[in-house]
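Working notes, beginning with the structure itself.
2 protein chains.
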Amino acid sequence: MEKMSFKVQTTPFLKSNIDKSYIDKSSIVKSSISKQIAEQLREAIVSGGFKIGDRLPTEDELAQRYGVSRPSVREALKRLAAQNLVRARRGPSGGNFVVQPSYEELAGSLSGAATLLVGMGALDIVEIIDARRILQGGCLEHAVKNATTAHIADIETALERQRNPEISDEAFCQSDVAFHRALVDSTGNGMVRFVMYTVIEALIPVTNMIVTVVRERSDIISLHEEMLQHLIDRNSVLLNQSMNKLLDYLLAKFELASQS
Amino acid sequence: MEKMSFKVQTTPFLKSNIDKSYIDKSSIVKSSISKQIAEQLREAIVSGGFKIGDRLPTEDELAQRYGVSRPSVREALKRLAAQNLVRARRGPSGGNFVVQPSYEELAGSLSGAATLLVGMGALDIVEIIDARRILQGGCLEHAVKNATTAHIADIETALERQRNPEISDEAFCQSDVAFHRALVDSTGNGMVRFVMYTVIEALIPVTNMIVTVVRERSDIISLHEEMLQHLIDRNSVLLNQSMNKLLDYLLAKFELASQS
DNA sequence: ATTATACTATTTGTAAGACAAATAGATGTC
DNA sequence: GACATCTATTTGTCTTACAAATAGTATAAT
Chain A
-8 MEKMSFKVQT TPFLKSNIDK SYIDKSSIVK SSISKQIAEQ LREAIVSGGF
42 KIGDRLPTED ELAQRYGVSR PSVREALKRL AAQNLVRARR GPSGGNFVVQ
92 PSYEELAGSL SGAATLLVGM GALDIVEIID ARRILQGGCL EHAVKNATTA
142 HIADIETALE RQRNPEISDE AFCQSDVAFH RALVDSTGNG MVRFVMYTVI
192 EALIPVTNMI VTVVRERSDI ISLHEEMLQH LIDRNSVLLN QSMNKLLDYL
242 LAKFELASQS
Chain B
-8 MEKMSFKVQT TPFLKSNIDK SYIDKSSIVK SSISKQIAEQ LREAIVSGGF
42 KIGDRLPTED ELAQRYGVSR PSVREALKRL AAQNLVRARR GPSGGNFVVQ
92 PSYEELAGSL SGAATLLVGM GALDIVEIID ARRILQGGCL EHAVKNATTA
142 HIADIETALE RQRNPEISDE AFCQSDVAFH RALVDSTGNG MVRFVMYTVI
192 EALIPVTNMI VTVVRERSDI ISLHEEMLQH LIDRNSVLLN QSMNKLLDYL
242 LAKFELASQS
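Chains A and B, in that order, give the protein sequences. Residue 41 in this note's numbering is what sits at position 50 of the first sequence, and the numbering runs on without skipping anything. Residue 227 in this note's numbering is what sits at position 236 of the second sequence, and the numbering runs on without skipping anything.
Listed below in structure tokens is the structure:
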């Protein structure tokens, strides 16, 4: 098996007779080997060289093939794992496998990024609520057109769960997320789902705060019920209005709570 | 410094006269040490334990503090690096630093995820174009309201660059991205930027295909000019129409090219 | 013959130690 | 004082070794 060429200017490959003539000082890349390997593997995966469920070569084999050490390969694999691209299993018939990235996981990492931005002050809650307002118009319009009975049933399920006063605050927030997810699911557009999941998850802290601090579930529930009814009626204008009422409510409660 | 406790089952379960039926796969923490450390560090960062620009303890110190080996710490750090949370510098006064995540980088990783979904068939181009159509309405409306002269100047700059027939196909696509980014920038909403950057980047392959295969730049440019003018006129209806014309154009050319 | 058990081989997970490379700061020379 | 050199620190990489999980296989017991 041929070793692949690497753009490294480090020269500890004493024992290996690698042709270093390709090293071009003008195009020296300082990025670490693990990063380069991660890039190459990622490229191989997204370009279809490895399909979903495929097993990558073993770490030893990769190390050998790339002419690097196993720790370096592992660092690369961990980078990919952090992106939910691969997952490792031990044992024979184990290895590093290309995994099917799910909307949920991807949106999860996105929302992680979003909460990061919030936590670091680059984004604030008001902005997120506003973004939801800006983006929802087309979504809801589309949802009204495309929602199937299955979609509506999903929304009803989520709503039913949050009507139960016994459930915990965490469970209520979960069902709130489920409600809004189901709502954007009913657009039937995967990209919209992908993107809106992010916005929805970025709003979790607000809902969380309202439920735990303000201790007010009924207003949220009744607005949700209102929205569901408008969706069933296929009335996008009223649906949009109800959603805006919900956002107004969230915003008001949030500002109230952040003053104190 | 005391070692932190870890949920690892090290040696105890060795010899196997033990009844393993009690083992509940779901409750046992099987996550690797590097993953746990990555989680802890991430938590420490987002919760404000480390601020932007702060230097984490050295890898040796982290290894000591967590009671693990340096490779394990490094795998954890590479996970964080893959999320653009930390960056390493060598030398004295070097170390692993918490970095300010930029919209560009985050959107870059998002679009990476999106291209992944496209590459694996979970999303198709038509869907992305449609998503753009669904989401743009509110954006453009908001952009018309909030665009400053500086924003408009940015858009003009991008447009000017792509008018130059000398530039390469890659440069043209770059300026196309810059154009659309500048357009959503003019909404003035960070979350909208964050989210729309993703959609924009997911559309790069289409633009790329049109420019390199269909070899048609003038139509795109003139539609861009039209949009800019409508933005200057603060006419969101016409702006939306022009954008839809552009999307129609992209869709038509894409379907034409994918037939052949 | 079938079932349960133990073994073996394979692959990832973790550890420890060593050296290379980069780089900021201190030191010394002119 | 300016410049070169040395030194110490920290990440980057390699090497080797062993632990842990697990699928497959062989073996023993019923």
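Yeah, the Cβ is synthetic: ideal placement off N, Cα and C, and Gly gets one too.
Check your understanding: Would you report the Cα separation of I28 of chain A and V59 of chain A, rounded to the nearest angstrom?
Key -> 10 Å
Point to revise | Identity of the residue in A:S100, A:Q127, A:N87 nearest A79 of chain A by Cα | key: A:N87
Exercise for review: Determine which residues share a DSSP beta bridge with G86 of chain B and list them.
Suggested key: B:R80
Check your understanding: Residue ranges of each alpha helix (DSSP H) run of no fewer than 4 residues wholly in the region 100 to 141 of chain A, ordered along the chain?
Key -> 116 to 137
Exercise for review: Go ahead and label I42 of chain A buried or exposed: buried means 16 or more other beta carbons lie within 10 angstroms of its beta carbon, across all protein chains shown.
Suggested key: The residue asked about is misnamed: residue 42 of chain A is Lys in this sequence, not Ile. Counting Cβ neighbours within 10 Å, K42 of chain A comes out exposed, since fewer than 16 surround it.
Practice item. Tell me whether N231 of chain B is buried or exposed, calling it buried when 16 or more other Cβ atoms sit within 10 Å of its Cβ. Key: buried
Exercise for review: With 9 Å as the C-beta to C-beta threshold (strictly closer), list the residues of the region 67 to 79 of chain A near chain B in chain order.
Suggested key: A67, L68, K69, R70, L71, A72, A73, Q74, N75, L76, A79
Check your understanding: Would DSSP call R46 of chain B helix, strand or coil?
Key -> strand
Review point. With 16 as the cutoff for other CB atoms within 10 Å, does D15 of chain A come out buried or exposed?
Key: Any reading at D15 of chain A needs caution, since the residue's pLDDT is 34, under 50, leaving its predicted position unreliable; the model's value is listed next. With fewer than 16 Cβ atoms within 10 Å of its Cβ, D15 of chain A is classed as exposed.
**Study point:** Neighbourhood of R208 of chain A by C-beta, 8 Å cutoff - its chain only, sequence neighbours within 5 removed
**Key:** Q153, P156, F163, V202
Review point. Exposed or buried, which one is T140 of chain B when buried takes at least 16 other CB atoms within 10 Å?
Key: exposed
Practice item. Could you have a look at S25 of chain B and say whether DSSP puts it in helix, strand or coil? Key: helix
Exercise for review: Measuring only between beta-carbons, confirm whether M182 of chain B sits less than 7 Å from chain A.
Suggested key: yes
Review point. Secondary structure at T189 of chain B, three-state DSSP: helix, strand or coil?
Key: helix
Point to revise | Interface residues of chain A facing H133 of chain B [CB-CB closer than 8 Å] | key: I125
Review point. How many Å lie between D176 of chain B and R184 of chain B at the Cα?
Key: 6 Å
Point to revise | Supposed contact pair S227 of chain A and E151 of chain A - C-beta distance, whole angstroms, cut 8 Å | key: With 8 Å as the limit, E151 of chain A and S227 of chain A do not qualify as a contact, their Cβ atoms being about 24 Å apart.
Review point. How about P62 of chain B: is its C-beta nearer than 7 Å to some C-beta of chain A?
Key: yes
Review point. Between the C-alpha atoms of S287 of chain A and V90 of chain B, what's the straight-line distance to the nearest angstrom?
Key: In this structure chain A extends from -8 to 251, so residue 287 of chain A is not present and cannot be described.
Check your understanding: Cβ atoms of M187 of chain A and L114 of chain B: under 7 Å apart, would you say?
Key -> no
Review point. Is it the case that the Cβ atoms of R61 of chain B and A54 of chain B are separated by a distance below 7 Å?
Key: yes
Exercise for review: Return the chain-ordered list of same chain residues with a C-beta closer than 7 Å to the C-beta of I195 of chain B, the five sequence neighbours on each side being excluded.
Suggested key: C164, V168
Check your understanding: Shorter than 7 Å from the beta carbon of V186 of chain B to some beta carbon of chain A?
Key -> yes
Check your understanding: Buried or exposed: N137 of chain B, going by 16 or more other Cβ atoms within 10 Å of its Cβ?
Key -> exposed
Check your understanding: For the candidate residues B:I24, B:A173, B:L97, whose alpha-carbon lies nearest to that of A149 of chain B?
Key -> B:A173
Practice item. Tell me whether S17 of chain A sits in a helix, a strand or coil according to DSSP, three-state version. Key: Its pLDDT being 33, under 50, S17 of chain A is placed unreliably in this model, and the value from its coordinates should be taken loosely. Helix at S17 of chain A.
Review point. Between A:T178, A:S93, A:L108, A:E96, which lies nearest to L97 of chain B when the distance is taken from Cα to Cα?
Key: A:L108
Point to revise | Sequence-distant residues of the same chain with beta carbon closer than 7 Å to H142 of chain B, five excluded per side | key: A173, D176, S177
Practice item. Could you tell me whether the Cβ atoms of V329 of chain B and L237 of chain B are closer together than 7 Å? Key: Nothing can be reported for residue 329 of chain B, as the shown portion of chain B is limited to -8 through 251.
Practice item. Flag this pair as yes or no: are the beta carbons of I119 of chain B and A193 of chain B separated by less than 7 Å? Key: yes
Review point. What residues of chain A sit near V37 of chain B, judged by a beta carbon separation below 7 Å?
Key: T106, L107, G110
Check your understanding: Cβ of I28 of chain B less than 7 Å from any chain A Cβ?
Key -> no
Check your understanding: Are T189 of chain A and A105 of chain A close, meaning C-beta to C-beta below 7 Å?
Key -> yes
Point to revise | Beta-carbon proximity of V64 of chain A to L71 of chain A, cut-off 7 Å | key: no
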